[in-house]
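Chemist: For the protein sequence lines, the chains are A and B, in the order given.
In terms of this note's numbering, the first sequence has 63 at position 63, counting the first letter as 1, and numbering is strictly consecutive.
In terms of this note's numbering, the second sequence has 157 at position 43, counting the first letter as 1, and numbering is strictly consecutive.
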Amino acid sequence: DGGITQSPKYLFRKEGQNVTLSCEQNLNHDAMYWYRQDPGQGLRLIYYSQIVNDFQKGDIAEGYSVSREKKESFPLTVTSAQKNPTAFYLCASSIGVTSTDTQYFGPGTRLTVL
Amino acid sequence: AQSVAQPEDQVNVAEGNPLTVKCTYSVSGNPYLFWYVQYPNRGLQFLLKYITGDNLVKGSYGFEAEFNKSQTSFHLKKPSALVSDSALYFCAVRPRFSGGYNKLIFGAGTRLAVHP
Numbered sequence: 001d002g003g004i005t006q007s008p009k010y011l012f013r014k015e016g017q018n019v020t021l022s023c024e025q026n027l028n029h030d031a032m033y034w035y036r037q038d039p040g041q042g043l044r045l046i047y048y049s050q051i052v053n054d055f056q057k058g059d060i061a062e063g064y065s066v067s068r069e070k071k072e073s074f075p076l077t078v079t080s081a082q083k084n085p086t087a088f089y090l091c092a093s094s095i096g097v098t099s100t101d102t103q104y105f106g107p108g109t110r111l112t113v114l
Numbered sequence: 115a116q117s118v119a120q121p122e123d124q125v126n127v128a129e130g131n132p133l134t135v136k137c138t139y140s141v142s143g144n145p146y147l148f149w150y151v152q153y154p155n156r157g158l159q160f161l162l163k164y165i166t167g168d169n170l171v172k173g174s175y176g177f178e179a180e181f182n183k184s185q186t187s188f189h190l191k192k193p194s195a196l197v198s199d200s201a202l203y204f205c206a207v208r209p210r211f212s213g214g215y216n217k218l219i220f221g222a223g224t225r226l227a228v229h230p
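As structure tokens, then:
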């Protein structure tokens, strides 16, 4: 997990509320990613960013939004439009987007909708 | 569709015995292959990757993986399992051509339980 921090570790949200998950990295990586993990499933890509001020939708972007105003930060907002937001959210980063670059992961945030 | 299969939901091994966690993939071309491990309520830790060259790749914590092109497999192995190896293991595949970004396709994960 070193070099990538996510906060909070646990987050509880009432239905209809937006919440923002924090992801910070000090690895000087250009690329950052958000994944969602559900029990018994692999990770699914929500959004990714290859460079500051640029980001692209992944496979399950509906109901989520991101920003990338600084190289080291890539916050994820889970909006009220996300129908089933309870999940474990993982942030990752890589040096760049070259095909052999390894993605490194943060410790995750567990979001529960009450 | 491109996919990664980890055919076993759980693998049980006695401590000291060799372990194998299986991974097969259906991805066109010659993809790059990765293994990650996840401990409870933690993020994924990188174990090893295959890019090119020797089919046997060595990684962290004594793990290794064998790439078999004809069987499109990338099985994770360790000669002698430890109780501390008990965790969730993910295989991931990176297509060589995926629209310009570092796209990883993950398997569903295999839970490894090592018994004393």
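Note that the Cβ used here is the ideal one computed from N, Cα and C, for glycine as well.
Everything numeric in this text was worked out from a predicted model, so none of it was measured.
Below 7 Å CB to CB, which residues in the same chain sit around A222(B) once its five sequence neighbours on both sides are set aside?
Modeler: In the second sequence, the residue the question calls residue 222(B) occupies position 108. So the list reads Q120, once near-sequence residues are dropped.
Chemist: Rounded to whole angstroms, what is the Cα-Cα separation between L158(B) and G16(A)?
Modeler: In the second sequence, the residue the question calls residue 158(B) occupies position 44. In the first sequence, the residue the question calls residue 16(A) occupies position 16. About 30 Å.
Chemist: Across the segment 120-130 of chain B and the segment 180-188 of chain B, are there enough close Cβ pairs to call them in contact, namely three or more that are closer than 8 Å?
Modeler: No, because fewer than three Cβ pairs between the segment 120-130 of chain B and the segment 180-188 of chain B fall closer than 8 Å, the two stretches do not touch.
Chemist: Measure the C-alpha to C-alpha separation of L11(A) and C205(B) and round it to an integer number of angstroms.
Modeler: Walking along the first sequence from the start, residue 11(A) turns up at place 11. Walking along the second sequence from the start, residue 205(B) turns up at place 91. Computed Cα separation, rounded: 28 Å.
Chemist: Please classify I165(B): is it buried, with 16 or more other beta-carbons within 10 angstroms of its beta-carbon, or exposed?
Modeler: As a first step, residue 165(B) must be located in the second sequence, where it is residue number 51. Exposed.
Chemist: Quick one: list the residues of chain A neighbouring F204(B), beta-carbon separation under 8 Å, in chain order.
Modeler: Numbered from 1 along the second sequence, position 90 holds the residue referred to as residue 204(B). Per Cβ cutoff of 8 Å: G42 and L43.
Chemist: For a contact meaning CB atoms closer than 9 Å, what does K183(B) contact in chain A?
Modeler: Here residue 183(B) corresponds to residue number 69 of the second sequence, with the count starting at 1. Correct list: empty, because the minimum Cβ distance to chain A is about 17 Å.
Chemist: List in chain order: all unbroken beta strand (DSSP E) runs of 3+ residues lying wholly within the segment 18-100 of chain A.
Modeler: Taking only runs of at least 3 residues, the beta strand (DSSP E) segments lying wholly in the segment 18-100 of chain A are 19-25, 31-37, 43-51, 54-57, 64-66, 76-78 and 87-94.
Chemist: For Q167(B), which residues in chain A fall below 8 Å Cβ to Cβ?
Modeler: Within the second sequence, residue 167(B) is the residue found at index 53, counting from 1. It is worth fixing the name first, because residue 167(B) is Gly in this sequence and not Gln. Simply none; closest approach about 12 Å.
Chemist: Whether or not the segment 52-59 of chain A and the segment 84-97 of chain A are in contact is what I'm after, with contact meaning three or more pairs of Cβ atoms, one per stretch, closer than 8 Å; do they touch?
Modeler: Result no; under three Cβ-Cβ pairs closer than 8 Å.
Chemist: Could you have a look at V141(B) and say whether DSSP puts it in helix, strand or coil?
Modeler: By 1-based counting over the second sequence, the position of residue 141(B) is 27. Looking at V141(B) - three-state DSSP - the assignment turns out to be coil, as it is neither helix nor strand.
Chemist: Any beta-carbon of chain A closer than 7 Å to the one on A231(B)?
Modeler: No statement about residue 231(B) is possible, as the shown extent of chain B runs from 115 to 230 and does not include it.
Chemist: For Y146(B), which of helix, strand or coil comes out of DSSP?
Modeler: Residue 146(B) sits at position 32 when you count from the first residue of the second sequence. In the structure shown, Y146(B) sits in a strand (DSSP, three-state: E or B).
Chemist: Does DSSP put D1(A) in a helix, a strand or coil?
Modeler: The residue you call residue 1(A) lines up with position 1 of the first sequence. Residue confidence is low: D1(A) scores 48 on pLDDT, short of 50, so the model does not pin down where it sits. Its coordinate-derived value is still stated next. It is coil, neither helix nor strand.
Chemist: Could you pull out every residue in the same chain whose Cβ sits closer than 8 Å to the Cβ of T79(A), ignoring the five residues on either side in sequence?
Modeler: Looking up residue 79(A) in the first sequence gives position 79. Within the same chain, T79(A) has close Cβ partners N18, G63, Y64 and S65.
Chemist: Check the Cβ-Cβ distances between L158(B) and every residue of chain A, and say whether any is below 7 Å.
Modeler: In the second sequence, the residue the question calls residue 158(B) occupies position 44. Yes, L158(B) counts as interfacial toward chain A.
Chemist: Got a sec: which bits of the segment 85-110 of chain A sit with their beta carbon under 9 Å from any beta carbon on chain B, in order along the chain?
Modeler: Cβ contacts with chain B: F88, L90, C91, A92, S94, G96, V97, T98, S99, T100, D101, T102, Q103, Y104, F105, G106, P107, G108 and R110.
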